[in-house]
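J.: Position one of the first sequence corresponds to residue 16 (our numbering), numbered consecutively onward. Don't be surprised by glycine CBs; every beta carbon is placed ideally from N, CA and C.
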Amino acid sequence: MSQLKNRLNRLKKTQASIDNKVISSHLKGGEWGEVGAVTKTNAYGSFVKREIRIPLQEKIGFYPLYQLVGSAQALSHLQSIKSNVLHDKMLFFDTETTGLGIGAGNVPFMLGIGYYTDDAFIVEQLFIRNPSEELAMLAYINEKFQHFTHLVSYNGKTFDLPLLKNRFIIHRLTYEGEHLEHIDLLYPARSLWRNSLTTCKLSHVERKRLGIHRVDDVPGSMAPTLYFKYLIEKDPNIVADVFRHNKVDIVTLAILSIYFVSLFEKRDVYSNLELDELYRLCVWFNNMELTDLFQYVYELLTTRVIEEDPNYFIPLAMIFKKKKDVETSVSLWKKFIELQGHQRIINTEPYIELAKYYEHRKKDFKQAIYYTKEAELRVYNRISLSKRNQKYTEILQEIQKRKNRLEKKIKSRVNEVDQNSVVELRQVEMNV
DNA sequence: GGAATGGATGAGAATGGCGG
DNA sequence: CCGCCATTCTCATCCATTCC
């Protein structure tokens with residue numbers, strides 16, 4: 016055990032020295048050992064491989080790596096994943112390429128993969144020193160695919176994987192990863208943070224939500240330039256930063272997975288969320304049909320919405336309307352009006368929705384016309400406040416149309432009642 | 001510069017109530 | 001039964017975003 020610990024510590028040290036850029040310039044370029052990499056050879060040729068072991072208890076940002084152990088299954092809700100998700104059957108995946116297109120001119124010069132073993136998280140980085148090494152690298156990763164069931168990436172569905180498949184075709188290799196289900200974390204990230212983060216780029220997400228702060232990171236957009244420079248000068252130190260960048264990307268994929276999983280099982284994390292995140296989470300659980308989680312988050316959300324921003328009652332009401340639970344929608348619209356009705360500028364949607372509800376479902380035209388008139392009043396306020404009122408005059412016309420219709424309906428109902436009472440009277444007379 | 005994705009927006013069909 | 005109108009449901013289409 017202590018032997019293992021020693022070994023881990025030793026590995027940790029070498030890795031730290033690489034990360035701290037102790038790759039010093041007095042060791043003249045050319046030696047791959049300097050970046051902690053070795054030459055790997057297989058039946059198709061050679062390429063360079065760097066392997067890093069990270070102990071599972073290591074904390075990356077806010078979360079330790081071991082948190083995914085035994086709890087990866089929840090990730091299946093993020094995309095329509097059918098098979099069981101096990102942490103040690105997931106292959107985290109990110110490439111560095113010579114450009115952004117997925118056409119033939121774009122070459123992946125580095126493939127970064129990450130996976131869990133019993134005692135560590137392993138990052139393997141495959142790098143080609145020239146185009147002729149690509150085939151050997153592809154063959155290597157092809158064999159790796161066999162040991163996993165799920166691929167995890169960030170925008171990999173549109174970028175990394177199509178590109179990689181193209182390379183297989185160009186090299187006349189059969190892609191052996193068709194069995195892999197693909198979890199692309201970009202989409203859940205966007206649906207959760209589209210409003211609360213200015214951008215959902217991986218580097219921004221990890222800094223703002225995972226507590227991971229990169230130091231001296233080279234942006235991905237620098238990768239092509241650095242690689243071309245390497246091709247000319249053949250000094251591994253030139254691409255040392257690309258290795259480091261790619262490694263963080265891979266590790267971030269694991270930590271982001273942990274974060275998502277925690278949303279499904281650690282209900283105490285909800286109190287740290289921004290209001291909009293909590294709302295988006297509510298939408299998640301509703302769409303995923305996880306009723307318990309939905310109910311829990313919904314209740315938490317409503318108490319916060321009252322204090323922080325009653326406007327959220329409106330989309331929430333629409334969720335229940337879609338679920339055909341209109342009574343709940345009605346209570347939310349009314350709650351909104353109760354809290355916001357006094358404001359000069361206010362969304363009229365709840366008034367209109369309530370008017371529809373009373374006209375069409377309850378046939379209570381008086382209530383319907385009451386809410387219509389309330390809406391009309393608010394729009395008047397708007398128009399008097401703004402010069403550019405084209406939009407609001409249209410809304411106003413719509414409202415007045417509704418009002419006129421309701422007035423007619425009320426009138427005709429009064430007539431109906433009169434006629435009915437006349438009929439009743441006649442019947443009484445006949446009976447007499 | 002290519003493409004999967006989800007959200008927003010819109011068009012068209014289906015529904016349903018109402019009056020003639 | 002038919003025409004009219006408002007609403008709702010279902011697709012279709014568009015648009016921005018993200019990867020290096």
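Considering only DSSP beta bridges, list what Ala58 is partnered with.
T.: Here residue 58 corresponds to residue number 43 of the first sequence, with the count starting at 1. Its beta-bridge partners do not exist; DSSP assigns none.
J.: Hey, would you say Met125 sits closer than 8 angstroms to Thr110, going by beta carbons?
T.: In the first sequence, residue 125 corresponds to position 110, counting from 1. In the first sequence, residue 110 corresponds to position 95, counting from 1. Yes; because the gap between Cβ atoms is below 8 angstroms, this pair is in contact.
J.: Look at Gln82 and Asn99 and say whether their C-beta atoms are less than 8 angstroms apart.
T.: In the first sequence, residue 82 corresponds to position 67, counting from 1. In the first sequence, residue 99 corresponds to position 84, counting from 1. With respect to Asn99, Gln82 sits apart: the two C-beta atoms are not nearer than 8 angstroms.
J.: Give me the Cα-Cα distance between Val122 and Arg182, rounded to the nearest whole angstrom.
T.: In the first sequence, counting from the first residue as 1, residue 122 sits at position 107. In the first sequence, counting from the first residue as 1, residue 182 sits at position 167. Straight-line measurement puts the Cα of Arg182 at about 8 angstroms from the Cα of Val122.
J.: Do you know whose CA, among Arg229, Leu331, Lys159 and Thr343, lies nearest Leu290's CA?
T.: The sequence position of residue 290 within the first sequence is 275, counting from 1. Measuring from the Cα of Leu290, the nearest candidate turns out to be Leu331.
J.: Quick one: what does DSSP say Glu193 is sitting in, helix, strand or coil?
T.: As a working mapping, residue 193 is identified with position 178 in the first sequence. Residue state for Glu193 is assigned as coil, using DSSP reduced to three classes.
J.: Assuming the contact rule is C-beta atoms closer than 8 angstroms, Tyr155 and Lys55 should be a hit. Round their C-beta distance to whole Å, please.
T.: Here the question's residue 155 lines up with position 140 in the first sequence. Here the question's residue 55 lines up with position 40 in the first sequence. Contact flag correct, Cβ pair sits at about 7 angstroms.
J.: According to DSSP, is Ser86 helix, strand or coil?
T.: Numbered from 1 along the first sequence, position 71 holds the residue referred to as residue 86. Secondary structure of Ser86 (DSSP, three-state): coil.
J.: Do Leu200 and Leu271 count as a contact pair if the criterion is CB distance below 8 angstroms?
T.: By one-based count along the first sequence, residue 271 stands at place 256. By one-based count along the first sequence, residue 200 stands at place 185. Going by C-beta atoms, Leu271 is nearer than 8 angstroms to Leu200.
J.: Among Gln161, Lys249, Leu93 and Phe163, which has the Cα closest to the Cα of Phe142?
T.: On the first sequence, position 127 is the one that residue 142 refers to. Phe142 has its Cα closest to that of Lys249, out of Gln161, Lys249, Leu93 and Phe163.
J.: I need the straight-line Cα distance from Gly453 to Glu368, nearest angstrom please.
T.: Since the first residue shown for the chain is 16 and the last is 447, residue 453 is missing from the structure and cannot be characterised.
J.: What residue from Gly192, Tyr373, Asp340 and Val394 has the CA that sits closest to Arg359's CA?
T.: As a first step, residue 359 is located in the first sequence; it is residue number 344 there, counting from the start. Nearest of Gly192, Tyr373, Asp340 and Val394 to Arg359, Cα basis: Val394.
J.: What is the C-beta distance between Leu386 and Tyr366, in whole angstroms, given that I count them as a contact (C-beta under 8 angstroms)?
T.: Taking the first sequence and counting its residues from 1, the one referred to as residue 386 is at position 371. Taking the first sequence and counting its residues from 1, the one referred to as residue 366 is at position 351. The question names Leu, but residue 386 is Tyr in the sequence shown. Between Tyr366 and Tyr386 the Cβ distance is about 5 angstroms, and since that is below 8 angstroms, they are a contact.
J.: When the Cα atoms are used, what is the spatial distance from Thr164 to Asp134?
T.: The residue labelled residue 164 in the question sits at position 149 within the first sequence. The residue labelled residue 134 in the question sits at position 119 within the first sequence. Cα to Cα, the separation comes out at about 20 angstroms.
J.: Note the first and the last residue of the continuous beta strand (DSSP E) segment covering Leu166.
T.: Counting from one through the first sequence, the residue named residue 166 turns up at place 151. Residues His165 to Ser168.
J.: Is Ala238 near Val257, with beta carbons less than 8 angstroms apart?
T.: Residue 238 sits at position 223 when you count from the first residue of the first sequence. Residue 257 sits at position 242 when you count from the first residue of the first sequence. Contact flag set, yes.
J.: Among Gly120, Phe77 and Leu188, which has the Cα closest to the Cα of Leu153?
T.: Taking the first sequence and counting its residues from 1, one reaches residue 153 at position 138. Comparing Cα-Cα distances from Leu153 to each of Gly120, Phe77 and Leu188, the minimum goes to Leu188.
J.: Does DSSP put Val53 in a helix, a strand or coil?
T.: Along the first sequence, one-based indexing puts residue 53 at 38. Here Val53 sits in strand by DSSP.
J.: Between the Cα of Tyr274 and those of Tyr294, Asp379 and Pro203, spot the shortest distance and give me the residue it belongs to.
T.: In the first sequence, residue 274 corresponds to position 259, counting from 1. The shortest Cα separation from Tyr274 among Tyr294, Asp379 and Pro203 belongs to Pro203.
J.: Using a 10 Å radius around the Cβ and a threshold of 16 neighbouring Cβ atoms, would you call Val284 buried or exposed?
T.: Here residue 284 corresponds to residue number 269 of the first sequence, with the count starting at 1. Exposed, because fewer than 16 other Cβ atoms sit within 10 Å of the Cβ of Val284.
J.: Here's a check: name, in chain order, each residue in its chain whose Cβ is nearer than 6 angstroms to the Cβ of Ile384, leaving out the five neighbours to either side.
T.: Within the first sequence, numbered from 1, the residue matching residue 384 stands at position 369. Same-chain partners within the cutoff: Leu421.
J.: So what's Leu347 in DSSP terms, helix, strand or just coil?
T.: As a working mapping, residue 347 is identified with position 332 in the first sequence. In the three-state reduction of the DSSP assignment, Leu347 falls in the helix class, which pools H, G and I.
J.: Where DSSP assigns a beta bridge to Thr112, which residues make up the other side?
T.: Translated into the one-based positions of the first sequence, residue 112 becomes position 97. Beta-bridge pairing links Thr112 to Pro123.
J.: Give me, in chain order, the residues of the same chain whose beta-carbon lies closer than 6 angstroms to that of Tyr169; leave out the 5 immediate sequence neighbours on both sides.
T.: Taking the first sequence and counting its residues from 1, one reaches residue 169 at position 154. The answer, listed in chain order, is Leu200, Leu201 and Leu217.
J.: Using C-beta distances below 7 angstroms, list every residue in its chain close to Phe136, excluding the 5 sequence neighbours before and after it, in chain order.
T.: Position 121 of the first sequence holds residue 136. Closer than 7 angstroms at the Cβ level, and outside the excluded window around Phe136, lie Ile69, Leu71, Leu80, Gly129 and Ala269.
J.: Which partner residues of Ile156 appear in the DSSP bridge assignment?
T.: Residue numbering aside, residue 156 sits at position 141 when the first sequence is read from its first letter. Partner(s): none; Ile156 has no beta bridge.
J.: What number of angstroms, rounded off, separates the C-alpha of Val233 from the C-alpha of Leu278?
T.: Position 218 of the first sequence holds residue 233. Position 263 of the first sequence holds residue 278. Cα to Cα, Val233 sits roughly 31 angstroms from Leu278.
J.: State the Cα-Cα distance for the pair Ile361 and Ile352, rounded to the nearest angstrom.
T.: Sequence index remark: in the first sequence, residue 361 carries index 346 (1-based). Sequence index remark: in the first sequence, residue 352 carries index 337 (1-based). Taking the straight line joining both Cα atoms gives about 9 angstroms.
J.: Where does Phe142 sit, in a helix, a strand or coil, going by DSSP?
T.: Residue 142 sits at position 127 when you count from the first residue of the first sequence. Assignment of Phe142 by DSSP, reduced to helix, strand and coil, places it in the strand class.
J.: Apart from the five residues on each side of it in sequence, which residues of its chain come closer than 7 angstroms, Cβ to Cβ, to Lys336?
T.: In the first sequence, counting from the first residue as 1, residue 336 sits at position 321. So the list reads Ser344, once near-sequence residues are dropped.
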